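Student: Submitted below is the structure of interest, expressed as structure tokens.
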Amino acid sequence: MPPSESSSPIRSRHPRFYFRDGSVVMMVSDKEKDTETLYRLHLSVLENRSTIFRDIFSLPFGNPLADAGAGTVVQPSDTANTANAFVLEGQNDNHPFELPAANVTPSKFDNLVTYLYTGTSGYPGDMPFLLDVLDLSSFFDIRRWCPLARTYNIHQWIEPAIRDLVQWDTTSFTLSDVYDIGIEAFHHIVQAKSKIMRLRVGMAYKPPALVKGPDCQGACEYAWSREWWNDLGKYILHPQWMASGSSIKTQIEISNLPGVCESCRDTTVEGMALKGAFEKDKDILESGCCRG
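When we follow the working numbering, the leftmost residue of the sequence shown carries the number 583, and every step to the right adds one.
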């Protein structure tokens, strides 16, 4: 019989992943079973692996309430002055940080936490487990999903994982990151990053030849060269990101370039696309990191 719409979900602590010395309480709901599972995890583990968790839990936590045994059912309790207290999500069982049910199921989160806590030899290598971990690792921006994708040769995850790592500042890789990724894969990443950077410098320094559009009524050549460096070149070489070919194409298409008519701009972009100018970074990744 399905649960009554008026009944409250049954809330319980996870029998394995409710650590007495944990620092943040998280809750995952199962709408079909009408249950809520509490996890008490270590903030340091979450923050070290995920920029999303690091941002979410950047505020200090209050003192947690007294612990109860793991695996027991937690009942709401009336605590003195609770109504007037400033309580942050994740502080205790009555105020857990609730993970979005649309993205996170109990079984998926169990697999992710198993992966985060047990190390490389402590989790199963079956495909459902791996796909759950990769799915939530991508959702929570967990840095170690790339080596897992490469280790088990899950092709649909490898290219976006490598593309993500190429965006990192090389100095941000720790020795542990290098070991996890693998020396050969790390070498490919550094090589690809260097090749893409040389490609970007060349593109920014030398504007592509302007292709005159059919509706052009003026002289756009000089303005094209000038505005390429004043606007587009700076975008391509911006120090805070490594612009992808597709993002450069979009930036050209949306840029207002004084002295350059839309007809010339759009015709030039079409010509560059036909020559594969915006696909070269993908070619570099596929020929190096994403094969072998």
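Note that beta-carbon positions come from the ideal geometry of N, C-alpha and C, so glycine has one too.
All values reported here derive from a predicted model rather than from experimental measurement.
According to DSSP, is PRO710 helix, strand or coil?
Tutor: For the purposes of this step, residue 710 is identified with residue 128 of the sequence shown, where counting begins at 1. Reduced to three states, the DSSP call for PRO710 is helix.
Student: What is the DSSP secondary structure of HIS677, counted as helix, strand or coil?
Tutor: The residue labelled residue 677 in the question sits at position 95 within the sequence shown. Of the three classes helix, strand and coil, the one that applies to HIS677 here is strand, per DSSP.
Student: For THR850, count the other beta carbons within 10 Å of its own beta carbon; 16 or more makes it buried, fewer makes it exposed. Which is it?
Tutor: Numbered from its first residue, the sequence shown carries residue 850 at position 268. The residue is buried, with at least 16 neighbouring Cβ atoms inside 10 Å.
Student: Considering only the beta carbon of each residue, do MET779 and PHE679 sit closer than 8 Å?
Tutor: Locating residue 779 in the sequence shown gives position 197, counting from the first residue. Locating residue 679 in the sequence shown gives position 97, counting from the first residue. Cβ atoms of MET779 and PHE679: not closer than 8 Å.
Student: Assign HIS596 to one of two classes, buried (16 or more other C-beta atoms within 10 Å of its C-beta) or exposed (fewer than that).
Tutor: In the sequence shown, counting from the first residue as 1, residue 596 sits at position 14. Looking at its Cβ environment, which holds 16 or more other Cβ atoms inside 10 Å, HIS596 is buried.
Student: Do GLY795 and SER845 count as a contact pair if the criterion is CB distance below 8 Å?
Tutor: In the sequence shown, the residue the question calls residue 845 occupies position 263. In the sequence shown, the residue the question calls residue 795 occupies position 213. Taking 8 Å as the Cβ cut-off, SER845 and GLY795 qualify as a contacting pair.
Student: Between LEU681 and VAL715, how many whole angstroms is the CB-CB distance? I'm expecting something under 8 Å.
Tutor: In the sequence shown, the residue the question calls residue 681 occupies position 99. In the sequence shown, the residue the question calls residue 715 occupies position 133. Not really, about 15 Å apart at Cβ, beyond 8 Å.
Student: GLU618 by DSSP, collapsed to three states: which one?
Tutor: In the sequence shown, counting from the first residue as 1, residue 618 sits at position 36. Residue state, collapsed to three classes: strand.
Student: Thinking C-alpha only, which one of ASP637, GLY672, LEU757, LYS613 is nearest GLY604?
Tutor: The residue you call residue 604 lines up with position 22 of the sequence shown. It is GLY672.
Student: Name the residue from ARG847, ILE834, SER826 whose alpha carbon lies nearest to the alpha carbon of LEU867.
Tutor: Translated into positions along the sequence shown, residue 867 becomes position 285. Checking every option, the nearest Cα to that of LEU867 belongs to SER826.
Student: Can you list, in chain order, the residues of its chain whose CB lies under 6 Å from that of ASP660, leaving out five sequence neighbours each side?
Tutor: The count along the sequence shown starts at 1 and reaches residue 660 at position 78. In this prediction, ASP660 has a pLDDT of 39, which is less than 50 and means its spatial position is unreliable; nothing more can be read from the coordinates.
Student: Roughly how many angstroms separate the alpha carbons of ALA889 and LEU698, rounded to a whole number?
Tutor: Since the first residue shown for the chain is 583 and the last is 874, residue 889 is missing from the structure and cannot be characterised.
Student: Entirely within the segment 788 to 869 and at least 4 residues each: give me those alpha helix (DSSP H) ranges in chain order.
Tutor: Runs found: 803 to 809, 827 to 836, 844 to 856, 862 to 869.
Student: Please report the distance separating the alpha-carbon of LYS690 from that of GLY841.
Tutor: The sequence position of residue 690 within the sequence shown is 108, counting from 1. The sequence position of residue 841 within the sequence shown is 259, counting from 1. Answer to the nearest angstrom: the Cα atoms are 54 Å apart.
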